[in-house]
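Encoded as structure tokens, the structure appears first; notes follow it.
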Amino acid sequence: MSQPPMERPAELMVWHGTLAAPGPREMRRYPTLRAALAAAAQTGDPEALPWIVTEDGAVLSPHWIDEHAPRIVARPGRFPS
653 MSQPPMERPA ELMVWHGTLA APGPREMRRY PTLRAALAAA AQTGDPEALP
703 WIVTEDGAVL SPHWIDEHAP RIVARPGRFP S
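Per the working numbering, the very first residue in the sequence shown carries number 653; after that it's consecutive.
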């Protein structure tokens, strides 16, 4: 039986502000997509642009992350609803 997508590994990459061109400033692999989402939501920089790449190769944008990150760790000031 395969794992559900939220329980499979994912990599979080974070670009900071206008310095996005040379590449991500932070890269980290997490054991689950759920953990990567929580880490992305806790990025302390409101200018940060987190992207997640799942084990299956799906690329999750900052907007997708903001919509799906756990509400208890939602980052203030990002993509207001």
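From the three backbone atoms N, C-alpha and C, an ideal C-beta is built for every residue, glycine too.
Residues that residue i bridges to, as DSSP identifies them
| i | result |
| --- | --- |
| I704 | L664 and L712 |
Which of helix, strand or coil DSSP assigns to residue i
| i | result |
| --- | --- |
| R677 | coil |
Residue range of the alpha helix (DSSP H) that includes residue i
| i | result |
| --- | --- |
| A687 | L685 to A693 |
C-beta atoms of residue i and residue j nearer than 7 Å
| i | j | result |
| --- | --- | --- |
| L701 | W667 | yes |
| A693 | A662 | no |
| R660 | E707 | yes |
| R677 | L664 | no |
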